[in-house]
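Notes to accompany the following structure.
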Amino acid sequence: MGMVMAAKLPSLNGLKVFECAARHMSFTKAASELNVTQTAVSHQVRRLEAELGIRLFHRIKERLELTASGQAYLQGVSLAFDQLRFSTEQLLEGCNNTTLTISTLATFAAKWLLPRLGSFRLEHPEIDIRISASTDLVDFVVGGADTAIRYGSGEWKGLHADWLMADEIFPVCSPKLLTGNHPLTSLDNLAYHTLLQVSGVTSNDWSIWLGAVGLPAHVTGGARLTFDLALMAVQAAIDGLGVCIGRRAYVEDDLRAGRLVAPFEKSVATNRAFYLVSPRDLANCAKVVALRSWLIDLIGRTEDGPTVRVGDLDNEAEVDDAALAIDVRTGR
């Protein structure tokens, strides 16, 4: 069976004139809408008919009628132009309105973005911010988001991704766990404390870190407490319920404020990072550019970067990049 060749598209200008003339059923009215002469409209229609080798209009005295072929063709052409008009309106509306909708991870929003967002508001008071904090997939087509902050590999087909910051994991706990019967002043005492962890993509962070310090993946005697959100695990650590495997972006403010401490020096840089992700047709909108510039500048002035890198960390949970042409999976 031979290969079916794709039909060559006719002149876009000719199609535009045909659609307009057929909609008005008048060369004169089409000429007025398109701001050209009636002769130019007639010429474009004849040229399109010659290009297709098909008569599209019957010219009957002072009026026009579509041929059967023209009527059938008009349905597809009209649908295509309607879709173009709609897509253009959506693009312009998305770029020109003053509301910037940011989809972000719930924990990233609460522990990193919101405490810093005031400086962006001072720099760009003309932009209204809408935060959509969720662990759901982001659908830029129907979800209404202009941009998203997500955790992953950064290689998402069909999307523009800007690297924001590296990922780094290490244990954190309440200062009160540094004292008592089994103080967290040595690795051996981990066995006497509850290990706080997060389900999903980051569920094996403890295994990665424990392996990096030469301990078995499951510390003998250590209980586990698992949460759906890193935000809850961090809060549990602040409340003294156990030791959380923290990500620097999620715990750095609590460390600085003394609500948490890092009992051990060892930290591990993962092979994933935080990215600002946008549809390509919105990536250069002024409001998205403003956010990108602010984030990159802010992180560039404050990011210390990871302290230890351990191999490729092949046992880290994978994110399904094949499913990310439109959707971006969260890192919670």
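Take 289 as the starting number for the sequence shown in the numbering used here and just add one per residue. Just so it is clear, CB atoms sit at the ideal spot from N, CA and C, and this is done for glycine as well.
**Report entry** Inter-stretch contact at 8 Å, needing at least 3 Cβ pairs: the segment 299-308 / the segment 331-338
**Finding:** The segment 299-308 vs the segment 331-338: in contact.
Query raised in the report: How should K445 be labelled, buried or exposed, when 16 other C-beta atoms within 10 angstroms of its C-beta is the threshold for buried?
Result: Looking at its Cβ environment, which holds fewer than 16 other Cβ atoms inside 10 Å, K445 is exposed.
Query - Coarse secondary structure for E238, derived from DSSP in three states - result: Outside the displayed range of the chain (289 to 620) lies residue 238, so it cannot be described from this structure.
Query raised in the report: So G432 and T389 are in contact, right, with Cβ under 8 Å, and what is the actual spacing, rounded?
Result: Taking a contact as a CB-CB distance under 8 Å, the pair G432 and T389 counts as one, their CB atoms being some 6 Å apart.
Query - C-beta neighbour in chain D for F315, strict 8 Å - result: The displayed structure is made up of one protein chain only, and chain D is not part of it.
Query raised in the report: If you draw a straight line from the C-alpha of H481 to the C-alpha of T387, how long is it?
Result: Going by C-alpha positions, H481 is about 46 Å away from T387.
Requested in this report: May I ask you to report which of helix, strand or coil DSSP gives L621?
Outcome: Here the chain has residues from 289 to 620 only, and residue 621 is not among them.
Query raised in the report: Thinking C-beta only, is I457 closer than 8 Å to I533?
Result: The answer is yes: Cβ separation under 8 Å.
Query raised in the report: Between K317, R311, F369, H312, which lies nearest to L300 when the distance is taken from Cα to Cα?
Result: Checked all of K317, R311, F369, H312; the closest Cα to L300 is F369.
Query raised in the report: Within the chosen definition, does the segment 354-369 reach the segment 392-403 through at least 3 CB pairs nearer than 8 Å?
Result: The answer is no - the segment 392-403 does not touch the segment 354-369, with fewer than three Cβ pairs under 8 Å.
Query raised in the report: For the alpha helix (DSSP H) that A283 lies in, which residues bound it at each end?
Result: There is no way to answer for residue 283, as the model of the chain reaches only from 289 to 620.
**Report entry** Unbroken beta strand (DSSP E) run spanning G446, endpoints
**Finding:** Counting along the chain, G446 falls outside any beta strand (DSSP E), and DSSP gives it neither H nor E.
Query raised in the report: Name the DSSP bridge partner or partners of H346?
Result: BP columns for H346 point to E353.
Requested in this report: Run through the segment 389-428 for me and flag every whole alpha helix (DSSP H) of 4 or more residues, listed as ranges in chain order.
Outcome: When DSSP assignments are scanned along the segment 389-428, the uninterrupted stretches of alpha helix (DSSP H) that are 4 or more residues long and fall wholly within it turn out to be 402-411.
**Report entry** Contact the segment 404-418 vs the segment 579-586: 3+ CB pairs below 8 Å
**Finding:** Verdict: yes, contact present.
Query raised in the report: What are the partner residues of P567, as DSSP defines its beta bridges?
Result: In DSSP, P567 forms a bridge with L447.
**Report entry** C532: first and last residue of the uninterrupted beta strand (DSSP E) it sits in
**Finding:** Segment 531-535, the beta strand (DSSP E) holding C532.
Query raised in the report: Are the beta-carbon atoms of V556 and Y538 separated by less than 8 Å?
Result: Cβ distance not < 8 Å, so V556 and Y538 don't count as in contact.
Report task. Indicate whether the contact test is met: 3 or more Cβ pairs, each with one atom in the segment 493-500 and one in the segment 539-549, closer than 8 Å. Result -> By the Cβ test, the segment 493-500 is not in contact with the segment 539-549, since fewer than three Cβ pairs between them sit closer than 8 Å.
Query raised in the report: Would the beta-carbon of L472 fall within 8 Å of that of P403?
Result: No Cβ-Cβ contact shorter than 8 Å links L472 with P403.
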